[in-house]
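Those protein sequence lines, which keep their order, are chains A and B. Heads up: the first sequence begins at 76 in the numbering used here, then just goes up one per residue. Heads up: the second sequence begins at 244 in the numbering used here, then just goes up one per residue. See below for the structure under consideration.
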Amino acid sequence: NAGVTQTPKFQVLKTGQSMTLQCAQDMNHNSMYWYRQDPGMGLRLIYYSASEGTTDKGEVPNGYNVSRLNKREFSLRLESAAPSQTSVYFCASSEGVIQYFGAGTRLSVL
Amino acid sequence: DAKTTQPPSMDCAEGRAANLPCNHSTISGNEYVYWYRQIHSQGPQYIIHGLKNNETNEMASLIITEDRKSSTLILPHATLRDTAVYYCIASPTGTASKLTFGTGTRLQVTL
Chain A
76 NAGVTQTPKF QVLKTGQSMT LQCAQDMNHN SMYWYRQDPG MGLRLIYYSA
126 SEGTTDKGEV PNGYNVSRLN KREFSLRLES AAPSQTSVYF CASSEGVIQY
176 FGAGTRLSVL
Chain B
244 DAKTTQPPSM DCAEGRAANL PCNHSTISGN EYVYWYRQIH SQGPQYIIHG
294 LKNNETNEMA SLIITEDRKS STLILPHATL RDTAVYYCIA SPTGTASKLT
344 FGTGTRLQVT L
């Protein structure tokens, strides 16, 4: 039982490049989330999906798009990466009040 | 979501109880108090949550004051593995529980 799996674990991009962060959960949870964490800061919600087929903006959605591909998978896309998007990205899922987090993707944009 | 206030850091000797305070004076009636922790750079881990009654599970106890304006997370016998950043979050439950993380309390457990 893997829980929440994020790929890749590390990524370096050049400014303007695009990439998609992948997240999959095997707990049959309805809700999924994307957060970012900057150094010394708490996590901030980028987007969430309350259920398959729905997505909503969180606190810091600008510069990102998401796709809830199916119940298991929720991807985060950076269309044109900027240095300000250098961060650690965490995906989470929940059924009820408890959120389960992945190990994170460490992204550097040069 | 109600704002929460936590001390930036605390120390605790191994084997002793760690008591982590949280102030949430503007909490509304439908907001629960959640505690998560983040060990090193891992993803956050759920610890416990409560509405108004004290709660206990295998990891910790949560004491919420009667007026619900503050709470305390208690790790009864802290170990070195409990060294982490602890986040106190006030949030309503719903179909999707959107959590607002502050900067938390960095707990250092020492020998």
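Note that the Cβ used here is the ideal one computed from N, Cα and C, for glycine as well.
Those residues which DSSP pairs with residue i across a bridge
i, result
"A/Thr82", "A/Gln97"
"B/His292", "B/Tyr277"
"A/Leu182", "A/Gln86 and A/Ser162"
"B/Asn266", "B/Thr248 and B/Ser313"
Where residue i falls, given that 16 or more other Cβ within 10 Å makes a residue buried
i, result
"B/His283", "exposed"
"B/His292", "buried"
"B/Thr269", "exposed"
"B/Ala327", "buried"
Residue i to residue j span [Cα, whole Å]
i, j, result
"A/Tyr175", "A/Val135", "20 Å"
"A/Ser169", "A/Arg147", "12 Å"
"A/Ile173", "B/Thr247", "19 Å"
"A/Leu185", "A/Ser162", "12 Å"
"B/Asn262", "B/Ser271", "24 Å"
"B/Pro319", "A/Met94", "44 Å"
"A/Ser159", "A/Asn137", "11 Å"
"B/Ala333", "B/Leu350", "20 Å"
"A/Phe149", "B/Lys312", "36 Å"
"A/Glu127", "B/Asp310", "38 Å"
"B/Leu323", "B/Thr353", "7 Å"
Residue i and residue j closer than 7 Å at C-beta
i, j, result
"A/Ala178", "B/Gly347", "no"
Please give me, in chain order, every unbroken run of the beta strand (DSSP E) with length at least 3 that falls completely inside the segment 108-176 of chain A.
118-124, 140-143, 149-153, 162-169 and 174-176
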